[in-house]
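Remarks on the structure that follows.
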């Protein structure tokens, strides 16, 4: 059975802190790993990672994939209250159509 | 934002009644998906479609059916709603295999 496990489940930090969110996976026929940010509505896309060791960056957010150890991390530096959200990790598994398996999410709260 | 709308946005219904949720896209994407999101479970795939009249089951398809008669519309039907189907339902779209999925705003369904 495919599994995507995120840790921690929740995290409370103060503005300016740096956080690291973890996602490990055990799936058959891995294709890609994605990170989404979900506030009080639909998940919004952050990153898609397909190759090991290549960091993706967008402003204060960055992410990297390790396909040997089967995990990914999402880093957020200099956190702001607007970063408060649930961060979802998802893995696209192979086959003829893309099929995503989601982790349960990490709830990040950034306090002023 | 990707052009995805869902209707209704909120619905309260009684056990045993049929319910149909609609997802409409203006992106002309081939792939469409229905997920449900529940606390502690993250997002789970119910059904997906890879073209008009082409659909298949996801990991939690029992009690649900879908139809896609046009590229832009993907309907999810609960033939006889149960309280366990109380959830938030998200539609998603993607352009091709292995491509990023973009999510609609969600439908909050309460089955009493």
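Chains as they are written, first to last, in this note's numbering: chain A, 321 to 432; chain B, 972 to 1083.
By construction, the Cβ of each residue, glycine as well, lies at the ideal position given by its N, Cα and C atoms.
Considering just the uninterrupted stretch of the beta strand (DSSP E) at residue 1064 (chain B), what are its terminal residues? Boundaries of the beta strand (DSSP E) harbouring residue 1064 (chain B): 1058-1065, taken from the DSSP string.
Could you please give the first and the last residue of the uninterrupted beta strand (DSSP E) stretch that includes residue 326 (chain A)? For residue 326 (chain A), the enclosing beta strand (DSSP E) stretches over residues 323-327.
Best match in A:380, A:393, A:384, A:370 for proximity to residue 326 (chain A) [C-alpha to C-alpha]: Closest by alpha carbon: A:393.
Using the rule of at least 16 other Cβ atoms within 10 Å of the residue's Cβ for burial, across every protein chain shown, is residue 400 (chain A) buried or exposed? Classified as exposed, residue 400 (chain A) has fewer than 16 neighbouring CB atoms from the shown chains inside 10 Å of its CB.
Anything in chain A within Cβ reach of residue 1047 (chain B), meaning under 7 Å, just list it in chain order. Going along chain A, no residue has its Cβ under 7 Å from residue 1047 (chain B), so there is no contact; the nearest lies around 16 Å.
When we look at the beta-carbon of residue 1069 (chain B) and count the other beta-carbons within 10 Å, is it buried (16 or more) or exposed? It counts as exposed.
Going residue by residue through the stretch 1016-1041 of chain B, where are the continuous beta strand (DSSP E) segments of at least 3 residues, counting only ones entirely within it? Taking only runs of at least 3 residues, the beta strand (DSSP E) segments lying wholly in the stretch 1016-1041 of chain B are 1025-1028, 1035-1041.
Which residues in chain B have a C-beta closer than 7 Å to the C-beta of residue 328 (chain A)? List them in chain order. Ordered by position in chain B, no residue passes the 7 Å Cβ test against residue 328 (chain A), which lies about 14 Å from the chain.
DSSP three-state label for residue 401 (chain A), please. Here residue 401 (chain A) sits in helix by DSSP.
Hey, would you say residue 1039 (chain B) sits closer than 8 Å to residue 1026 (chain B), going by beta carbons? Closer than 8 Å, so yes.
Residue of B:1082, B:999, B:1063 minimising C-alpha distance to residue 1041 (chain B): Cα-wise, what sits closest to residue 1041 (chain B) is B:999.
Could you give the C-beta distance for residue 404 (chain A) and residue 385 (chain A), rounded to a whole number, given that I count them as a contact under 8 Å? No, residue 404 (chain A) and residue 385 (chain A) are not in contact; Cβ-Cβ is about 25 Å, not under 8 Å.
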